[in-house]
Every structure is written in structure tokens, then in C-alpha cells.
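**Q** The structure that follows is given in the form of C-alpha cells.
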Amino acid sequence: MDFELTEEQRMMRDMVYKWALKELAPIQEKVDEEDWFPPDFFKKCAEIGILGITIDEKYGGLGSDVLTQTLVVEQMSRFAPGLAMTYAAHSNLCVHNIHRNANEYLKEKYLPPMVRGEKIGALALTEPNAGSDAMSIRTRAVKKGDKYILNGTKIFITNGPVADVFLVYAKTQPELGAKGISAFIVEKDFPGFSVSRKIRKCGMRGSPTGELVFDNCEVPAENLVGQENMGVHVMTSGLDVERIVLAGGSVGMAEQALEYAVNYAVEREQFGQPIANFQMIQQKLADMYARTEAARLLVYRAADLAQKSPRGGKGTELTKMAAAAVLFASETATWVCNQAVQIHGGYGYCLEFPVQNLWRDAKLYEIGAGTNEIRRIIVARELTREAFARKAQR
Amino acid sequence: MDYFLTEEQRLLQEIAYEIVKERIRPVRAELDEKEEFPWAIMRDLAQSDLFGIWIPKEYGGLGMGILENCLVVEQLARGCIGIATTFAASGLGAYPIVLFGSDELKRKYLPPIARGEKLAAFALTEPGAGSDVSAIRTRAVRVGDEYILNGTKQWITNGGEADIYSVFAITDPSKGPRGASCFVVEKGDPGFFFGKKEKKLGIRTSATRELVFNDCRIPRSRLIGKEGLGFIIAMKTFDKSRPGIGALGVGLAQEALDISVEYARKRIQFGKPIISFQVIQHKIADMAMKIEAARALIYSAARYLDTKADAPDASKIAAMCKVFASDVAVQVALEAVQVLGGYGYMRDYPVEKLLRDSKILQIYEGTNEIQRNIIGQELNKEYGRIKESFIR
Ligand SMILES: Cc1cc2nc3c(=O)[nH]c(=O)nc-3n(C[C@H](O)[C@H](O)[C@H](O)COP(=O)(O)OP(=O)(O)OC[C@H]3O[C@@H](n4cnc5c(N)ncnc54)[C@H](O)[C@@H]3O)c2cc1C
Ligand SMILES: Cc1cc2nc3c(=O)[nH]c(=O)nc-3n(C[C@H](O)[C@H](O)[C@H](O)COP(=O)(O)OP(=O)(O)OC[C@H]3O[C@@H](n4cnc5c(N)ncnc54)[C@H](O)[C@@H]3O)c2cc1C
Numbered sequence: 099m100d101f102e103l104t105e106e107q108r109m110m111r112d113m114v115y116k117w118a119l120k121e122l123a124p125i126q127e128k129v130d131e132e133d134w135f136p137p138d139f140f141k142k143c144a145e146i147g148i149l150g151i152t153i154d155e156k157y158g159g160l161g162s163d164v165l166t167q168t169l170v171v172e173q174m175s176r177f178a179p180g181l182a183m184t185y186a187a188h189s190n191l192c193v194h195n196i197h198r199n200a201n202e203y204l205k206e207k208y209l210p211p212m213v214r215g216e217k218i219g220a221l222a223l224t225e226p227n228a229g230s231d232a233m234s235i236r237t238r239a240v241k242k243g244d245k246y247i248l249n250g251t252k253i254f255i256t257n258g259p260v261a262d263v264f265l266v267y268a269k270t271q272p273e274l275g276a277k278g279i280s281a282f283i284v285e286k287d288f289p290g291f292s293v294s295r296k297i298r299k300c301g302m303r304g305s306p307t308g309e310l311v312f313d314n315c316e317v318p319a320e321n322l323v324g325q326e327n328m329g330v331h332v333m334t335s336g337l338d339v340e341r342i343v344l345a346g347g348s349v350g351m352a353e354q355a356l357e358y359a360v361n362y363a364v365e366r367e368q369f370g371q372p373i374a375n376f377q378m379i380q381q382k383l384a385d386m387y388a389r390t391e392a393a394r395l396l397v398y399r400a401a402d403l404a405q406k407s408p409r410g411g412k413g414t415e416l417t418k419m420a421a422a423a424v425l426f427a428s429e430t431a432t433w434v435c436n437q438a439v440q441i442h443g444g445y446g447y448c449l450e451f452p453v454q455n456l457w458r459d460a461k462l463y464e465i466g467a468g469t470n471e472i473r474r475i476i477v478a479r480e481l482t483r484e485a486f487a488r489k490a491q492r
Numbered sequence: 002m003d004y005f006l007t008e009e010q011r012l013l014q015e016i017a018y019e020i021v022k023e024r025i026r027p028v029r030a031e032l033d034e035k036e037e038f039p040w041a042i043m044r045d046l047a048q049s050d051l052f053g054i055w056i057p058k059e060y061g062g063l064g065m066g067i068l069e070n071c072l073v074v075e076q077l078a079r080g081c082i083g084i085a086t087t088f089a090a091s092g093l094g095a096y097p098i099v100l101f102g103s104d105e106l107k108r109k110y111l112p113p114i115a116r117g118e119k120l121a122a123f124a125l126t127e128p129g130a131g132s133d134v135s136a137i138r139t140r141a142v143r144v145g146d147e148y149i150l151n152g153t154k155q156w157i158t159n160g161g162e163a164d165i166y167s168v169f170a171i172t173d174p175s176k177g178p179r180g181a182s183c184f185v186v187e188k189g190d191p192g193f194f195f196g197k198k199e200k201k202l203g204i205r206t207s208a209t210r211e212l213v214f215n216d217c218r219i220p221r222s223r224l225i226g227k228e229g230l231g232f233i234i235a236m237k238t239f240d241k242s243r244p245g246i247g248a249l250g251v252g253l254a255q256e257a258l259d260i261s262v263e264y265a266r267k268r269i270q271f272g273k274p275i276i277s278f279q280v281i282q283h284k285i286a287d288m289a290m291k292i293e294a295a296r297a298l299i300y301s302a303a304r305y306l307d308t309k310a311d312a313p314d315a316s317k318i319a320a321m322c323k324v325f326a327s328d329v330a331v332q333v334a335l336e337a338v339q340v341l342g343g344y345g346y347m348r349d350y351p352v353e354k355l356l357r358d359s360k361i362l363q364i365y366e367g368t369n370e371i372q373r374n375i376i377g378q379e380l381n382k383e384y385g386r387i388k389e390s391f392i393r
């Protein structure tokens with residue numbers, strides 16, 4: 099077993115860390131407090147070449163791997179978790195998915211400007227009444243001549259208010275349920291598309307979350323991604339990788355919260371000594387470290403598997419491990435950040451200290467991209483699948 | 002469950018809950034967003050005489066106890082613990098005067114606090130003295146008929162809004178912890194200033210400010226009790242107030258449960274209300290069990306502390322209420338956000354605020370680590386007095 103990152107992975111990790119520290123850390127307070135999305139964020143990402151990590155070189159990407167992308171999200175999340183999520187929604191949820199599933203024409207048309215940061219991407223699946231139960235989406239797509247006409251509402255869409263290109267799921271044949279879903283690329287200027295509002299959140303502020311309305315929205319038929327009614331394939335092929343990449347964010351937040359907590363515990367003196375001398379603080383720090391490192395290993399391992407697996411989805415090791423990775427990493431991050439706030443005492447409760455921000459942000463990954471309850475159901479389903487099959491044969 | 006409350010106690014709960022329903026729930030999100038001090042609601046509470054709860058009748062109060070205070074703040078916490086903290090902090094600020102103040106101080110300060118005309122505040126913490134209260138450096142030096150105060154207090158709830166402050170300062174540095182004293186300082190006293198309002202993760206409607214004493218002169222009669230009693234006054238006050246912090250946790254957690262169950266019954270996924278899934282049922286079951294356990298602890302502890310004025314285990318019991326219920330509050334709030342899924346994370350719904358608010362309960366009035374220290378040390382002492390062996 100090889101636990102070493104490659105030279106390339108290490109360079110990318112260190113480069114993004116330094117960049118995030120210099121470019122993002124100083125603006126994070128404003129980003130959080132004002133829920134401010136820095137307009138030049140994607141341009142800056144493009145400058146350091148991180149928008150197309152898993153994308154072929156012929157579209158301007160790096161042709162690199164899932165773990166490298168995970169490391170980027172991890173490092174960015176240490177200082178700006180909301181912006182890191184916005185980055186991941188663009189670069190992974192949207193761009194990576196198009197890269198994986200769209201035809202050559204669409205890839206040549208959409209990928210290069212997105213990799214250059216000129217166009218921002220988003221993924222639109224969730225609806226007001228279809229969250230965990232994603233297959234019950236009601237947005238309709240009806241083919242009329244050389245167009246599809248979309249009608250419906252999407253909610254909680256990361257980058258919704260700022261994106262140019264949306265990967266949208268809609269029902270082409272509702273009577274077929276999950277087998278009647280298709281994926282489309284929708285541009286923000288298509289007639290009948292609008293963003294109805296930006297939604298205010300507990301954390302992950304600065305990452306614009308929007309509600310989208312499709313009102314007889316006209317989409318050229320050629321913008322169908324994959325085959326008609328095969329949208330679930332597009333959805334699930336991307337979901338495993340998405341979960342792993344976002345789990346990197348949880349690892350980054352936990353790692354940073356631990357670093358803040360260690361430094362604070364050594365600096366802060368009460369009862370004539372650094373609070374790090376008290377056993378209670380030591381116990382907390384040790385658990386924070388142990389859980390963070392366990393999460394890191396699981397997430398990296400899942401990223402490695404994602405790179406090697408030809409496919410994910412039901413019945414694969416990848417699906418099980420990806421769900422377990424984001425489940426464990428997200429709960430670890432919330433727990434670790436909560437402990438970090440506690441170690442900072444009253445200071446931890448004040449907005450000028452970043453630990454409370456990390457805690458608010460960390461909680462999101464227990465919900466976004468599939469809740470932890472659903473992830474546990476997936477892991478259990480995969481764990482018991484073969485045993486059930488054997489039992490059925492007896 | 003019936004906790005066998007008296008008619009009067011039930012009435013108090015109803016009055017407080019009425020204010021929650023009519024006045025607090027409709028505005029809590031806005032007060033949080035704007036970080037606005039809840040003056041209008043303080044006036045409602047004043048009109049209902051609630052500020053008089055534990056002020057003796059002869060000074061215009063209701064002369065009630067810890068239990069009644071807990072019942073009221075629990076209800077208020079269902080609305081907003083920022084508001085409930087503002088209310089409770091006034092009681093905390095008044096308590097040193099109630100417990101140890103001269104008749105003169107009581108007559109002067111308690112009636113307007115009881116009527117809710119003036120808010121009080123409790124000022125102990127300093128930048129270098131949080132958990133370690135004995136490290137406070139604010140000095141009070143007696144000069145003739147006055148004391149002159151110098152120093153800085155940090156994170157004082159109701160700072161800048163209150164008129165009356167119980168301030169802890171060192172009168173005799175050579176005596177260590179026995180050299181601290183407690184004084185009444187009024188807003189407007191010469192040399193008494195306020196720093197900027199703190200921006201916080203939660204309880205944003207509650208004002209938290211720095212107090213600065215720069216050759217602040219106050220009459221000698223403002224000394225509460227005697228010189229050197231400072232930390233005894235602080236500890237006795239905490240013994241009375243900490244069950245109240247627990248009650249804030251119970252109220253907040255109850256609100257989180259109420260919202261979660263209502264939501265889970267209405268939210269349909271996979272063709273059924275999500276409450277039909279076992280995971281959700283078990284979550285709300287755990288939430289409800291923890292809340293009931295916390296409430297039962299607090300009510301019985303409060304009754305006990307009210308009946309036994311000088312209970313030897315008062316500090317331990319009060320600390321238990323604070324830790325247990327505040328831990329429950331944070332756990333339950335985290336789960337409530339989870340039950341509401343994406344909606345739980347959005348500011349349009351009230352649970353993310355409950356989560357942000359809940360965390361303060363584990364920090365202020367002595368962190369939960371410090372409470373555990375108290376409980377552990379008291380247990381050690383108690384068992385030292387027991388002759389019997391339990392290990393055969
Ligand atoms: C900040 C943010 C960003 C997001 N970004 C995007 C995005 O870019 N694109 C996008 O398409 N979506 C996005 N989402 C949506 C996200 O994926 C959903 O919120 C998530 O899938 C949960 O759906 P829900 O919120 O409707 O919760 P619900 O599905 O209503 O769940 C409510 C509760 O019920 C539980 N539950 C549901 N079903 C079951 C079951 N069968 N058994 C047991 N428990 C169950 C859940 O675990 C949860 O606790 C985002 C959400 C947030 C908060
Ligand atoms: C919103 C808010 C309102 C407040 N209101 C008031 C008020 O009205 N009046 C007032 O006087 N104060 C008030 N405070 C101050 C509050 O009581 C202190 O923040 C609290 O006592 C902790 O002190 P600290 O923040 O300095 O943390 P520290 O004492 O620095 O503690 C840091 C960490 O070390 C831990 N620790 C410290 N000592 C030990 C030990 N011996 N063993 C194990 N762990 C230890 C703590 O538990 C904590 O986790 C308020 C604070 C806030 C945030």
C-alpha cells in the first residue's frame with residue numbers, strides 16, 4: 099500500500115495552501131459577514147490553473163486525478179470553505195460531469211471557457227419537494243422540434259445566482275420515474291430561465307445559493323447530455339466523485355480548526371499556565387487529531403479508488419466508500435470545529451475569531467450532496483447486498 | 002409530563018409563553034439579523050412584572066425562587082435565548098445586591114430593577130481572566146469616602162444598555178482571592194465608559210460590551226457587603242443562576258424539538274412524511290428523552306436549592322444543571338438542523354439560529370469544563386467524608 103502523495107499532488111496541495119492563505123484568508127471575514135462572492139474569484143482560480151484539474155488537456159485542463167482535486171478543495175476549505183464549495187460545484191459537479199458524459203460537440207463548446215474561468219458552472223438537481231428523494235423531481239422537459247421546453251423550479255443551487263452554465267436534470271418521461279430523467283446544459287441567457295432569489299444561509303456564506311425558475315425555458319436539443327432518459331446514469335456517475343471531492347472540504351476544515359485550537363491552547367493562559375496543560379484540553383486535542391487523520395485517510399483512499407474505478411453507482415465498492423468517506427469526514431469536521439470553538443472559550447463565540455465560522459460551515463457537508471442519513475442507508479445497502487443475494491439463493 | 006407546579010408557577014409559565022408567541026417569535030429573526038437590542042420586549046416583560054421574580058417583596062419584587070426563575074427563562078428561551086439572556090443577565094446583575102447588599106443599596110437599586118425600568122449587569126470577566134476569575138486585575142482603591150476603579154471588563158452582557166452594574170474588583174492585591182470586592186457602578190458615573198459591541202456567532206440581539214473604568218469614582222456606600230467578599234458573592238450568585246442557564250438550554254431544545262417534529266410530520270420524501278422513517282423517529286426520540294431528563298434535573302435541583310438555603314452541595318448541583326442541559330441544547334440543535342435538511346441550514350427557517358445560539362450555553366457563566374471541575378472536586382470532597390467502602 100502506497101501512502102505517499104505523488105510529487106504533482108504535493109506541489110498542487112502546497113501551492114493551493116499558499117494561495118488560499120494569501121488570497122482568500124484575508125477576505126474571508128468580509129465573505130462570511132456580508133455573504134459576499136468576490137467577483138474575480140474564478141479568474142483567480144484560473145490563473146493558478148485549478149479549474150480543470152480532472153479535465154483533458156485538449157480542453158485546457160490538467161488531465162490530473164480525483165485526489166488532486168480533493169486536495170485543492172481541502173486546502174481552500176481551510177481558509178474559505180464557502181468559496182471552496184463554490185469552486186467544487188463549478189469544477190467538479192458541473193465541469194467534471196460534462197466532461198464525463200457529454201458528447202464531443204458539447205465538450206468543445208462548453209469546457210474551454212469554463213476551464214478558463216470565463217464561464218461559471220452549477221449543477222441543478224434539487225427541487226423544493228425533491229431533496230433526498232431526488233428521483234421525484236418534477237421539472238419537465240418536453241421535446242418540441244429541435245428544442246426541449248423546460249418547466250419547473252430548482253432550489254439550493256450552489257452558484258445559481260452567478261453561474262452561466264447549468265447542468266440541469268428534468269423529467270422527459272415522468273411515467274418512467276427514475277428512468278425518465280434526462281440531463282441538459284442550460285445557459286443563463288436561454289429564454290425562460292431566471293434566478294428567482296439568493297438564499298441566506300447559516301454558513302458557507304459567500305457561496306451564492308439560488309433558486310432557479312424554468313418558465314417555458316427553451317433549450318436546444320443538442321444540449322442534451324448523454325442519452326434521453328439516461329439522466330440518472332449521468333447523475334450517479336458523478337455523485338460518487340462529488341462526494342469524495344467535497345469530503346476533502348471537511349478534512350480541510352477539521353485540519354484548520356485543529357491548528358487554530360493547538361495554537362490557542364498553547365498561547366492562552368489561565369490559572370497561571372497555558373490551557374494546553376489541562377488534561378481536558380489535551381483529551382480534546384488528541385481526539386481532534388485522531389479523527390481528522392482517520393477522515394483524511396478514508397477520503398484519500400476513496401479518491402484513489404475513484405480514479406481507478408471505471409464506474410460508480412449501485413453495486414460498486416466506490417459508491418460505498420464514497421458515501422462512507424463523506425459521512426465520516428463531515429461528522430468529524432462538525433465535531434472537531436465544535437471542540438475548537440469550545441477551546442477558544444468566549445473568544446470562540448466572537449465573529450472575529452474564525453473557528454465559529456468553520457463550525458457553521460462544517461455542518462453543511464452533513465446535509466449537502468445527500469444527507470448523512472441517506473449516506474448511511476447507501477453504505478448499509480452496499481454492505482448487505484451480497485449477503486441478501488446469497489440468502490435469496492438458499 | 003406533570004411536574005406538580007403550583008397554580009402561581011403555571012401562571013408565570015403562561016405569561017412568559019404568551020410573550021414568546023405574540024412578541025418574540027415574530028421578531029426574533031430580524032433582531033438576530035440586525036443585532037438589535039430587544040428594548041420593546043424588555044418593556045413587555047416589565048409590564049408583566051417578570052423582572053421582579055427573585056427580588057424580595059419588600060423591595061418591589063415577587064420574592065420568588067430559583068424554580069420560578071427557571072420556569073420563566075425556559076419559556077422565554079423557546080422564543081430566543083438572546084432575549085432570555087438579556088432578561089436573565091439583569092437578574093444576575095441584581096443578585097449580588099439581593100444577597101449581600103445593604104438595606105440602603107437594596108432600597109435604591111432593587112425596585113427599579115424589579116419594575117424593569119432599569120436593567121442590571123454582572124461584570125466579572127476580563128481579557129486575562131475568564132475561567133480563572135481570581136486573575137482579575139481591575140483595581141478599586143479607597144480614597145476618603147470614595148472608591149476609585151481602574152481596569153477593563155470584557156464581554157459583559159447588557160453592557161451599555163444596563164443602568165446598574167455589579168462590578169468585581171481587587172481591593173487588596175496582597176490577599177489573593179480574598180482581596181476581591183463587589184461594587185455597584187451606575188451608567189453615567191464619572192470615568193465609566195463602554196467599548197464597542199461585540200459581533201457574535203449567536204445571541205446577537207443580546208448586547209455584549211467591554212466596560213472601561215478610568216479613574217471611575219463611586220461613593221463608598223456602593224460596596225456590596227464587605228471588602229474581601231467579592232468571590233464569595235460571585236460564587237453564591239452562580240449557585241443561584243446556573244440552574245437558570247440550564248433552563249435556557251431546555252427551552253431552546255424544546256423549541257428545536259417542536260419545530261423538528263412538526264416539520265418531520267409535514268415533509269414528504271419518498272412518498273411519505275419523513276417522520277415515518279426510523280432514523281427520524283429515533284432522532285426525535287433521543288431529543289425528547291434528553292430534554293425531559295434535563296428538565297427533570299433542573300426542576301428538582303431548583304426546588305431543592307430553594308428549600309435548602311445553605312445546601313452544602315449547592316455548587317455541584319447548580320453546575321450539573323448547567324452542563325447537562327447546555328450539552329443537551331447543542332446536541333438537540335445540531336439534530337434539528339439535520340432533520341430539516343437543506344431547509345435547516347437556511348436563514349428562512351429558525352433552526353440554524355437555534356444552533357448558533359445554543360453554543361453560548363456551554364461557554365458563559367463558567368465553561369462546561371470548569372463546571373465539570375467543580376462537580377469532580379466536590380465529589381472528591383464528599384467521598385472523602387464517607388467512611389463506608391463500596392469496593393467490598
Ligand atoms: C448550501 C447547500 C448547497 C446545495 N447545493 C446544491 C447544488 O448545487 N445542487 C443541487 O442539486 N442541490 C444542492 N443542495 C441540495 C442538497 O443536496 C439537499 O439539501 C439534500 O439532498 C437534502 O435534501 P432536503 O434538503 O430536501 O432534505 P430532505 O430530503 O427533506 O430531508 C429531511 C430529513 O429527512 C431525512 N430523510 C429523508 N429521506 C429519508 C429516508 N428515506 N430515511 C431516513 N431519513 C430520511 C434526511 O436525512 C433529513 O434529515 C444544496 C443544499 C445546501 C443546503
Ligand atoms: C456572549 C458572552 C456573554 C458573556 N457575558 C458575561 C457577563 O455578563 N459577565 C461576565 O462577567 N462574563 C461574561 N462572559 C464571559 C464568560 O463567562 C467567559 O467567556 C467564560 O467564563 C470563559 O472564559 P474565557 O472566554 O476567558 O475562556 P478561557 O478561560 O480562556 O478558557 C478557554 C478554554 O480553556 C478551558 N479551560 C480553562 N481553564 C481550564 C481548566 N482549569 N481545566 C480545563 N479546562 C480549562 C475552558 O473550558 C475553555 O474551553 C460572557 C461571554 C460571552 C461570550
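Chains A and B supply the protein sequences, listed in that same order.
99 is the number of the first residue of the first sequence in the working numbering; add one for each residue after it.
2 is the number of the first residue of the second sequence in the working numbering; add one for each residue after it.
Glycine included, C-beta positions come from ideal geometry on N, C-alpha and C.
Being a predicted model, the structure only gives us computed values, none of them experimental.
#1: In this structure, how does DSSP classify residue 422 of chain A when only helix, strand and coil are distinguished?
#2: Grab me the residues of residue 136 of chain B's own chain with a C-beta within less than 8 Å of its C-beta, minus the 5 sequence neighbours each way, in chain order.
#3: Select from A:447, A:417, A:424 and A:491 the residue whose C-alpha is nearest the C-alpha of residue 476 of chain A.
#4: Is the closest heavy atom of ligand 2 to the C-beta of residue 433 of chain A under 6 Å?
#5: May I ask you to list, following chain order, the residues of the region 309–323 of chain B that have a beta carbon less than 8 Å from some beta carbon of chain A?
#6: Would you mind telling me which residues of chain A sit closer than 9 Å to residue 347 of chain B, beta carbon to beta carbon, in chain order?
#7: State yes or no: is the beta carbon of residue 371 of chain A nearer than 7 Å to at least one beta carbon in chain E?
#8: Going by the beta-carbon positions, is the gap between residue 428 of chain A and residue 305 of chain A smaller than 7 Å?
#9: Please identify, using Cβ separations under 9 Å, the residues of the region 107–140 of chain B that lie next to chain A, in order along the chain.
#10: Would you call the region 346–359 of chain B in contact with the region 302–316 of chain B, where contact means no fewer than 3 C-beta pairs closer than 8 Å?
#11: Measuring alpha carbon to alpha carbon, tell me which of B:202, B:256 and B:245 ends up nearest residue 35 of chain B.
#12: Can you tell me which of the three DSSP states residue 465 of chain A falls into?
#13: Would you say residue 238 of chain B touches ligand 2, meaning its beta carbon is less than 6 Å from a heavy atom?
#14: Nearer than 6 Å: is that true of the beta carbon of residue 368 of chain A relative to any heavy atom of ligand 2?
#15: Can you give, in chain order, each stretch of the alpha helix (DSSP H) that sits fully within the region 116–189 of chain A and has at least 4 residues?
#16: Identify whether residue 270 of chain B lies in helix, strand or coil by the three-state DSSP scheme.
#17: So, does the CB of residue 231 of chain A fall closer than 7 Å to a CB anywhere in chain B?
#18: Output, in chain order, the set of chain A residues within a Cβ distance shorter than 8 Å of residue 342 of chain B.
#19: For ligand 1, I want to know if residue 187 of chain A counts as a neighbour, meaning its beta carbon is within less than 6 Å of at least one of the ligand's heavy atoms.
#20: Out of B:292, B:56 and B:170, point me to the one whose CA is closest to residue 151 of chain B's CA.
#21: Got a sec? Which residues, its chain only, sit under 6 Å from residue 436 of chain A by beta carbon, not counting five neighbours each side?
#22: Please state if the CB of residue 364 of chain B and the CB of residue 444 of chain A are separated by a distance shorter than 7 Å.
#23: What's the C-alpha gap between residue 268 of chain A and residue 282 of chain A?
#24: Determine the burial state of residue 126 of chain A: buried for a count of at least 16 other Cβ atoms within 10 Å of its Cβ, exposed for fewer.
#25: Among A:148, A:154, A:261 and A:226, which one has its Cα closest to the Cα of residue 168 of chain A?
#26: Using 10 angstroms around the beta-carbon of residue 194 of chain A, count the other beta-carbons present and answer buried if the total reaches 16, otherwise exposed.
#27: Under 8 Å, with one C-beta from each stretch per pair, do the region 154–166 of chain B and the region 114–125 of chain B reach the 3-pair mark?
#28: For residue 218 of chain B, which of helix, strand or coil comes out of DSSP?
#29: Counting contacts by CB-CB distance shorter than 7 Å, is residue 270 of chain B in contact with chain A?
#30: Which ranges does the alpha helix (DSSP H) cover as unbroken runs of at least 4 residues, wholly within the region 360–431 of chain A, from first to last along the chain?
#31: Would you call the region 243–252 of chain B and the region 293–306 of chain B in contact, with 3 or more CB pairs under 8 Å?
#32: Any idea if residue 40 of chain B is buried or exposed, counting beta-carbon neighbours within 10 angstroms, 16 or more meaning buried?
#33: What does the alpha-carbon distance come out to for the pair residue 287 of chain B and residue 294 of chain B?
#34: Go ahead and label residue 384 of chain A buried or exposed: buried means 16 or more other beta carbons lie within 10 angstroms of its beta carbon, across all protein chains shown.
#35: Step through the CB atoms of chain A and report whether any lies within less than 7 Å of the CB of residue 153 of chain B.
**A** Taking the definition as stated:
#1: Here residue 422 of chain A refers to the residue found at position 324 of the first sequence. When secondary structure is reduced to three states using DSSP, residue 422 of chain A falls in the helix class.
#2: As a first step, residue 136 of chain B is located in the second sequence; it is residue number 135 there, counting from the start. Annotation for residue 136 of chain B: 127, 129 and 130 place their beta carbon closer than 8 Å to its own, counting only its chain and skipping 5 residues before and after.
#3: Counting from 1 along the first sequence, the entry for residue 476 of chain A is found at position 378. Relative to the Cα of residue 476 of chain A, the nearest Cα in the group A:447, A:417, A:424 and A:491 belongs to A:417.
#4: In the first sequence, residue 433 of chain A corresponds to position 335, counting from 1. If you check the C-beta of residue 433 of chain A against ligand 2, you find no heavy atom less than 6 Å away.
#5: Residues are counted here when their Cβ sits less than 8 Å from a Cβ of chain A; for the region 309–323 of chain B the count is zero.
#6: If you number the second sequence from 1, residue 347 of chain B lands on position 346. Those are 254, 297, 298, 299, 300 and 307, listed as they occur along chain A.
#7: Of the protein chains in this structure, namely A and B, none is chain E.
#8: Within the first sequence, residue 428 of chain A is the residue found at index 330, counting from 1. Within the first sequence, residue 305 of chain A is the residue found at index 207, counting from 1. Contact check for residue 428 of chain A against residue 305 of chain A fails: the beta carbons are separated by 7 Å or more.
#9: The region 107–140 of chain B vs chain A, Cβ under 9 Å: 126, 129, 130, 131, 132, 133, 135 and 136.
#10: A contact between stretches requires three or more CB pairs, one per stretch, nearer than 8 Å, and the region 346–359 of chain B fails this requirement with the region 302–316 of chain B.
#11: Here residue 35 of chain B refers to the residue found at position 34 when the second sequence is read from its first residue. Closest option to residue 35 of chain B, judged by alpha-carbon separation, among B:202, B:256 and B:245: B:202.
#12: One-based indexing of the first sequence puts residue 465 of chain A at position 367. DSSP, reduced to helix, strand and coil, places residue 465 of chain A outside both helices and strands of the structure shown, so it counts as coil.
#13: Stepping through the second sequence from its first residue, residue 238 of chain B is reached at position 237. No.
#14: In the first sequence, counting from the first residue as 1, residue 368 of chain A sits at position 270. Yes, since a heavy atom of ligand 2 falls inside the 6 Å radius drawn around the Cβ of residue 368 of chain A.
#15: Segments of the alpha helix (DSSP H) lying fully in the region 116–189 of chain A: 126–131, 139–145, 164–177 and 179–186.
#16: Taking the first residue of the second sequence as position 1, residue 270 of chain B is located at position 269. Taken through DSSP and simplified to helix, strand or coil, residue 270 of chain B comes out as strand.
#17: In the first sequence, the residue the question calls residue 231 of chain A occupies position 133. Judged by the 7 Å Cβ criterion, residue 231 of chain A is in contact with chain B.
#18: On the second sequence, residue 342 of chain B is found 341 positions in, with the first residue counted as 1. Within 8 Å of the CB of residue 342 of chain B, the CB atoms of chain A belong to 229, 230, 465 and 469, in sequence order along the chain.
#19: By 1-based counting over the first sequence, the position of residue 187 of chain A is 89. Using a cutoff of 6 Å, the CB of residue 187 of chain A counts as near ligand 1, since one of the ligand's heavy atoms is closer than that.
#20: Residue numbering aside, residue 151 of chain B sits at position 150 when the second sequence is read from its first letter. In terms of CA proximity to residue 151 of chain B, B:170 leads the group B:292, B:56 and B:170.
#21: For this step, residue 436 of chain A is matched to residue 338 along the first sequence. For residue 436 of chain A, where only same-chain residues beyond five positions count, the Cβ hits under 6 Å are 457.
#22: One-based indexing of the first sequence puts residue 444 of chain A at position 346. One-based indexing of the second sequence puts residue 364 of chain B at position 363. Going by C-beta atoms, residue 444 of chain A is nearer than 7 Å to residue 364 of chain B.
#23: Along the first sequence, one-based indexing puts residue 268 of chain A at 170. Along the first sequence, one-based indexing puts residue 282 of chain A at 184. Within the model, the alpha-carbon separation for residue 268 of chain A versus residue 282 of chain A is close to 8 Å.
#24: Within the first sequence, the letter at position 28 stands for residue 126 of chain A. A residue is called buried once 16 or more other Cβ atoms fall within 10 Å of its Cβ, and residue 126 of chain A is buried on that count.
#25: Taking the first residue of the first sequence as position 1, residue 168 of chain A is located at position 70. It is A:148.
#26: Residue numbering aside, residue 194 of chain A sits at position 96 when the first sequence is read from its first letter. Residue 194 of chain A comes out buried.
#27: Touching, per the Cβ criterion.
#28: As a position in the second sequence, residue 218 of chain B is number 217, starting the count at 1. In the structure shown, residue 218 of chain B adopts extended strand secondary structure according to DSSP, grouped into three states.
#29: Here residue 270 of chain B refers to the residue found at position 269 when the second sequence is read from its first residue. Judged by the 7 Å Cβ criterion, residue 270 of chain B is in contact with chain A.
#30: Counting whole runs of 4 or more residues, the region 360–431 of chain A contains the alpha helix (DSSP H) stretches 377–406.
#31: Flag = yes, the region 243–252 of chain B and the region 293–306 of chain B touch.
#32: Position 39 of the second sequence, counted from the first residue, corresponds to residue 40 of chain B. In summary, residue 40 of chain B is exposed, with fewer than 16 beta-carbon neighbours lying within 10 Å of its beta-carbon over all protein chains present.
#33: The residue given as residue 287 of chain B occupies position 286 in the second sequence. The residue given as residue 294 of chain B occupies position 293 in the second sequence. Answer to the nearest angstrom: the Cα atoms are 11 Å apart.
#34: By 1-based counting over the first sequence, the position of residue 384 of chain A is 286. Under this definition residue 384 of chain A is an exposed residue.
#35: Here the question's residue 153 of chain B lines up with position 152 in the second sequence. No, because no Cβ of chain A sits closer than 7 Å to the Cβ of residue 153 of chain B.
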